[in-house]
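Quick note: the sequence shown uses the UniProt record's numbering, first residue 1, plus one each step. By construction, the Cβ of each residue, glycine as well, lies at the ideal position given by its N, Cα and C atoms. Notes for the one structure printed next.
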Amino acid sequence: MLKPSVKQDVSEYSAGRRWYHPSLAGLLFGGLLCALTFMPSLVPRPWLFQAILTGFSFALGYGLGLIMSWLWRFMELPTIRHRWRPGLFWILVTFIVVYLAFHLWHASDWQNSTRQLMGMSPVESDYYVRIVLVAVGVAVLLLLLGTGLAWGIRAAAAFPRRYIRRRVASLVGVVVFLALLVNAVNGTLVSYAITAVDQVQASVDISDPPGAEPPAQDTRSGSADSLITWDLLGKAGKLYVDQGPRAADITAFSGQPAREPIRAYVGLRSADETEQQAELALRELQRTGAFSRELLVIATPTGTGWLQNGALAPLEYMYGGDTAIVGVQYSYLPSPFSLVLEPGRAQESASIVFNVIYEYWKTLPQAERPRLYLFGLSLGSLGSENSAPLNAFINHPIQGAVWAGPTFRNRMWRRIQSRPHGNSPAWQPEFEDGSLVRVFGPQGQRHVESQEWGPVRIAYVVNPSDAISFFNERMWYREPNWMKPPRGPDVSPLFEWVPVVSFFEVAMDMLSAGDTPPGHGHNYSVGEYTQAWAAVTDPRGWKPQDSERLVDFMSSGQTGTEENDESESDVKVGSY
Numbered sequence: 001m002l003k004p005s006v007k008q009d010v011s012e013y014s015a016g017r018r019w020y021h022p023s024l025a026g027l028l029f030g031g032l033l034c035a036l037t038f039m040p041s042l043v044p045r046p047w048l049f050q051a052i053l054t055g056f057s058f059a060l061g062y063g064l065g066l067i068m069s070w071l072w073r074f075m076e077l078p079t080i081r082h083r084w085r086p087g088l089f090w091i092l093v094t095f096i097v098v099y100l101a102f103h104l105w106h107a108s109d110w111q112n113s114t115r116q117l118m119g120m121s122p123v124e125s126d127y128y129v130r131i132v133l134v135a136v137g138v139a140v141l142l143l144l145l146g147t148g149l150a151w152g153i154r155a156a157a158a159f160p161r162r163y164i165r166r167r168v169a170s171l172v173g174v175v176v177f178l179a180l181l182v183n184a185v186n187g188t189l190v191s192y193a194i195t196a197v198d199q200v201q202a203s204v205d206i207s208d209p210p211g212a213e214p215p216a217q218d219t220r221s222g223s224a225d226s227l228i229t230w231d232l233l234g235k236a237g238k239l240y241v242d243q244g245p246r247a248a249d250i251t252a253f254s255g256q257p258a259r260e261p262i263r264a265y266v267g268l269r270s271a272d273e274t275e276q277q278a279e280l281a282l283r284e285l286q287r288t289g290a291f292s293r294e295l296l297v298i299a300t301p302t303g304t305g306w307l308q309n310g311a312l313a314p315l316e317y318m319y320g321g322d323t324a325i326v327g328v329q330y331s332y333l334p335s336p337f338s339l340v341l342e343p344g345r346a347q348e349s350a351s352i353v354f355n356v357i358y359e360y361w362k363t364l365p366q367a368e369r370p371r372l373y374l375f376g377l378s379l380g381s382l383g384s385e386n387s388a389p390l391n392a393f394i395n396h397p398i399q400g401a402v403w404a405g406p407t408f409r410n411r412m413w414r415r416i417q418s419r420p421h422g423n424s425p426a427w428q429p430e431f432e433d434g435s436l437v438r439v440f441g442p443q444g445q446r447h448v449e450s451q452e453w454g455p456v457r458i459a460y461v462v463n464p465s466d467a468i469s470f471f472n473e474r475m476w477y478r479e480p481n482w483m484k485p486p487r488g489p490d491v492s493p494l495f496e497w498v499p500v501v502s503f504f505e506v507a508m509d510m511l512s513a514g515d516t517p518p519g520h521g522h523n524y525s526v527g528e529y530t531q532a533w534a535a536v537t538d539p540r541g542w543k544p545q546d547s548e549r550l551v552d553f554m555s556s557g558q559t560g561t562e563e564n565d566e567s568e569s570d571v572k573v574g575s576y
C-alpha cells in the first residue's frame, strides 16, 4: 500500500495543487475544526458571527492539512498510492459531510440550551441556511487568498534552484519570501490598518449621539457654564452628560426634593496631555461644587470613553442627586484595539486622574469632603483597579469601589478567583471573610461569614457566563473550576470542557459576550448595579424593596434611563 517513491510523491504533490484535486488532509482537518465551532458555548452566538467563525475554521484547518502534507512529502515519507486516492477521497468526503451534518443538526439545540437559560427566543428556522451560505463564502475567499500566498511561496522557492541544491534552495526561497511578506505586513498593512481604524473612530468620536443636545443644567459638562465645550466631549461624553436623571426625575421616584446630579466629563480632545485632562477634570469638579456633595465617584470609561448610564444612574437616585461623577476619556478606539495598540493606556490615564483628584480631596476637612468611590466596567475596571496606590487605602482611605465585568487580566480579580474562601462556587467566589471584597451576580451576593464590612468596601459585579471575566490562558490543558458543578445558573450543562477546543471556544465567546440580555454574558443590568451600590455605599434608610422599586422605575422608560440604554461596540466585541 505504501511506497516511498520520490518521483511518485512529486507527481502526487503536483496533482494535489490543482483546484479540482483537493488535499485529503486539508479536508479532514478543515471538517473537524469546522464541526467543533457548532459545539455548545458559554454564550449564544449570533448567526453571522457563527458563520464567519465556521468558514474561518474550515479554511484554517484546510491550511493546516496542506502544511502537514507538504512537510510529510518534504521529509520523503511513504505516501498513499495515486490509484487509491479517488476512493479514499470519497470515503473521506462522506465522513466529513456526515460529521458536519450531525454537528449542524444539533447546533440549534446546543445554542437553544444556552438561550433558554438567558431568556432568549430560540434560533430562527433559517438558522442553518444562513450559516452555511455565509460560511462557504468566507471559506472560499480565505482559501483563494491562501492559494495566492502558496503560489508566491512556490515561485520564491523555485528561483534559487538555478544556483544551489534543490531542497536548500527551496528552503532559502521560502524563508526570504516569508521575511519580505512579514516585513511588508508589519511595515505597511498593519500601519495602514491602524491609521484606518484611527481615522474611522476619530470621525465617529466627533459625531453627536441621536437626540443628544448640550445640557441646560450647569452641573453637567458641555453646558453653557462648563469649562469643556460640547464639541470637545466626544460622542461617548455627549451621551453620558445627556443621559441620566435630572432633579425632577429623582423627585418623581422618591417623592422628595432632589438636587441636580453632577456629571463631569473630559473628552480626549479637551486637552493635549493626560495630566492636563486630569487638571481640567479637577477644575470642572470645583466649578460644579462637586466637593460639597455627599458622594464623589471617579469613573474610568471603557475604550471609546463610554460610561454605562444604567451603572451610574442608580446611585444618583439613591442619594437624591447629591452626587458627583467624573470620567476622563483616554482613547476613542474600541477596547480590544486600545488594549492591543495602546497597552497600559487605560491604567496610566486612570492612575493620573485619580492622583490629581485624590490629592486635592484629601486636603479637605474630613467631615466636609464627599465620600470617594471608584467605578469601572470591563477595560475601565482594569484601569480603575490599578489607579489607587496603597496609601489611598491607609492614610486617607477611599470608601470603596464597584467594578463590573472585570477582565481576565485584572490582577485583584484573578487573585479572588484563585483563592476562593470556603465552599463558594468559582463563578461567585468569596474572598476571606467578606469584609473587604464581595462578588455580586444576577441574584445578588452570597451569604458571607462576616456580615460586617470593613472601612473600605469593594464590590465586583460578575455574570457566570461572562467569558471576558472567566477566560484563562491555562484552560487549553486544564479544566477551569467554574466549569465544574455546581455551575452558574446561565451556563449550559451541555457545555463540556475539551482540551484545546474549550480554550478557543471561550476565547471566541469574548467577541460576542455583549450580545446577550442584561444580566448575562458581558451585559450588566440596572438591578445588578443597584444591589452593588446599595451594599457598597449603604444609603441611609435604603431597603431591599427600594432597590426593586428603583429597578422597576428605571426599566419603565419614564425617565430616559431605562435598562436597555445604548451600549458601545467594544462591549459587544469584548472590552478587556
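Extent of the continuous alpha helix (DSSP H) run through residue i
i, result
"residue 537", "526 to 537"
"residue 360", "345 to 361"
"residue 251", "247 to 254"
"residue 56", "47 to 74"
"residue 501", "501 to 509"
"residue 37", "Neither: residue 37 is in no alpha helix (DSSP H) and is coded neither H nor E."
"residue 479", "It is not in any alpha helix (DSSP H) - residue 479 carries neither H nor E in the DSSP assignment."
"residue 294", "Unbroken run through residue 294: none, as it is neither H nor E."
"residue 238", "234 to 242"
"residue 317", "309 to 318"
"residue 551", "544 to 555"
"residue 470", "467 to 470"
Cβ neighbours of residue i in the same chain (closer than 6 Å, five flanking residues each side left out)
i, result
"residue 17", "Model confidence at residue 17 stands at a pLDDT of 44, short of 50, so the residue's coordinates are unreliable; what they give is reported in the following sentence. Cβ within range, chain order: n/a, list empty."
"residue 54", "34, 37, 135"
"residue 322", "259, 293, 294"
"residue 62", "26, 30"
"residue 527", "551"
"residue 327", "265, 299, 301, 307"
"residue 491", "464, 465"
"residue 230", "214, 222"
"residue 122", "112"
Beta-carbon proximity check, residue i vs residue j, cutoff 8 Å
i, j, result
"residue 470", "residue 482", "yes"
"residue 401", "residue 431", "no"
"residue 488", "residue 464", "yes"
"residue 311", "residue 233", "no"
"residue 372", "residue 399", "yes"
"residue 353", "residue 416", "no"
"residue 113", "residue 40", "yes"
"residue 351", "residue 386", "yes"
"residue 509", "residue 42", "yes"
"residue 115", "residue 44", "yes"
"residue 324", "residue 262", "yes"
"residue 531", "residue 547", "yes"
"residue 404", "residue 456", "no"
"residue 313", "residue 245", "yes"
"residue 75", "residue 517", "no"
"residue 219", "residue 288", "yes"
Counted within 10 angstroms of its Cβ, other Cβ atoms place residue i as buried (16 or more) or exposed
i, result
"residue 368", "exposed"
"residue 484", "exposed"
"residue 111", "buried"
"residue 264", "buried"
"residue 330", "buried"
"residue 413", "buried"
"residue 357", "buried"
"residue 282", "buried"
"residue 391", "exposed"
"residue 241", "buried"
"residue 238", "buried"
"residue 141", "exposed"
Cβ shell of residue i (< 8 Å), same chain only, five flanking positions each side left out
i, result
"residue 280", "227, 228, 266, 270, 271"
"residue 320", "250, 254, 256, 257, 258, 259"
"residue 58", "30, 31, 33, 34, 135, 139"
Below-8 Å beta-carbon distance, residue i vs any chain D residue
i, result
"residue 135", "Of the chains in the structure shown, none is chain D; there is only one protein chain."
Those residues which DSSP pairs with residue i across a bridge
i, result
"residue 332", "The partner list for residue 332 (beta bridge, DSSP) is empty, contrary to what the question assumes."
"residue 327", "265, 299"
"residue 400", "373, 457"
"residue 220", "263"
"residue 386", "Answer by DSSP bridge pairing: none, since residue 386 is not bridged."
Element boundaries [beta strand (DSSP E), containing residue i]
i, result
"residue 453", "Note, residue 453: premise wrong, no beta strand (DSSP E); not H, not E."
"residue 376", "371 to 377"
Contact test: residue i Cβ vs the ligand MN heavy atom, cutoff 7 Å
i, result
"residue 542", "Among the components modelled here there is no ligand, and therefore nothing to report on the ligand MN."
Close Cβ partners of residue i (< 7 Å) along its chain, the five nearest in sequence each way excluded
i, result
"residue 92", "24, 27, 28"
"residue 60", "33"
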